Amino acid sequence: MKIIVGLGNPGARYEMTRHNVGFRLMEKLAGQLGGDFRNSGSMQCDWAKIKVGSTDVVLVKPLTYMNLSGQAVQKVLHWYKQDVTSLLVAHDDVSLNLGRLRFQKAGGAGGQHGVESIIECLSGNKQFDRLKLGVGPDPGGATRGDYVLSNFPPVEQKILDEILLHGCEGIKHWIKSDIDKSANKFNSVDLSIQVVNSQPSQALKPDEQK
């Protein structure tokens with residue numbers, strides 16, 4: 099079994115924010131693979147069970163708010179009798195530009211409060227896999243909090259759509275292989291460049307030039 103947790107905040111106020119790309123990735127993957135989310139009060143999350151090949155996969159959206167995400171993760175792992183070797187946590191990362199993602203094996207929280215909470219609730223265990231979804235560039239300083247809680251503007255929507263699809267493919271690859279192979283395959287892709295290059299030219303036709 100694999101447990102995949104997408105981090106975010108519950109409620110319509112936060113639904114479309116940068117901080118909620120983990121939730122949106124879980125919803126996209128569930129939609130692709132026929133999973134339906136249901137609520138669990140005891141595990142403090144919405145969850146959906148899907149199958150990728152022969153592997154049972156549980157998708158999780160903690161409902162504890164970002165800074166207490168570890169409470170839900172701890173309960174889900176306990177309920178399914180899994181340890182951190184089965185866990186992938188998908189979350190926003192302001193240090194990566196929008197259009198990039200990064201698979202990472204273990205490590206610290208990098209200032210991401212949801213990951214900090216998970217490490218704390220797992221008694222300091224950092225040995226779980228991560229999928230970081232770029233929402234940057236990082237504005238830095240005191241503006242960072244407002245930035246991650248802001249919505250994506252329309253000009254970024256196409257890149258966001260593509261990175262969510264790319265993230266789904268990355269997760270399916272991770273389930274079937276491992277974190278190192280997934281990192282080698284997906285971490286170098288910059289979808290912001292691909293999207294820009296795929297846009298039709300805005301050059302004027304000869305009869306439109308003045």
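So for the sequence shown, this note's numbering puts the first residue at 99; every next one is plus one. C-beta atoms are modelled at their ideal positions from N, C-alpha and C, and glycine is treated no differently. Computed from a prediction, not measured in an experiment: that's the story for all the values here.
So is residue i buried or exposed if we call it buried at 16+ other beta carbons inside 10 Å?
i, result
"P88", "Outside the displayed span of the chain (99 to 308) sits residue 88, for which this structure offers no information."
"A128", "buried"
"A146", "buried"
"R111", "exposed"
"G209", "exposed"
"S215", "buried"
Relative to the alpha-carbon of residue i, which residue among the options has its alpha-carbon at the smallest distance?
i, options, result
"Q169", "P252, L247, H211 and L196", "H211"
"V103", "E254, C266, S290 and G222", "C266"
"Y245", "M99, N118 and A110", "N118"
"P252", "C143, V192 and R116", "R116"
"Q292", "H264, W272, K270 and I277", "H264"
"P108", "L262, L166, K126 and G268", "L166"
"E218", "R228, A207 and D227", "A207"
"I230", "S152, K149, Q255 and S286", "Here residue 230 turns out to be Lys, not Ile, going by the sequence shown. Closest option to K230, Cα to Cα, is S286."
"N223", "G205, M99, A240 and G239", "G205"
"R122", "L105, L131, G133 and G132", "L105"
"H189", "K256, Q130, R228 and D154", "R228"
"S193", "V187, V182, G239 and Q142", "G239"
Using a Cβ-Cβ cutoff of less than 7 angstroms, which residues in the same chain neighbour residue i once the five nearest sequence positions on both sides are dropped?
i, result
"I101", "V156, V158, V174, L175, Y178, Q180, S184 and L185"
"D288", "G197 and R198"
"S248", "T115 and R116"
"N195", "G232, G234, P235 and S290"
Who are the near neighbours of residue i in its chain, counting only those whose CB is closer than 8 angstroms to its CB and skipping five residues on each side?
i, result
"S140", "K173 and W177"
"H271", "K279, S280, K283 and F284"
"L302", "Summary for L302: the model assigns pLDDT 42, below 50, so the residue's position carries little reliability; its value from the coordinates is reported in the next sentence. For L302, where only same-chain residues beyond five positions count, there are no Cβ hits under 8 angstroms."
At which residues does the beta strand (DSSP E) containing residue i begin and terminate?
i, result
"G234", "D227 to G234"
"H189", "L185 to N195"
"K149", "C143 to V150"
"N137", "R136 to S138"
How far does the alpha helix (DSSP H) with residue i in it reach, from first residue to last?
i, result
"D181", "Here D181 belongs to no alpha helix (DSSP H), and DSSP marks it neither H nor E."
"V119", "V119 to L131"
"D259", "Q255 to K274"
Whose C-beta lies closer than 6 angstroms to the C-beta of residue i among residues of the same chain, with five residues either side of it excluded?
i, result
"D144", "F135, N137 and K159"
"E306", "A caution first: E306 carries a pLDDT of 44, below 50, which makes its placement in the model too unreliable to give a value."
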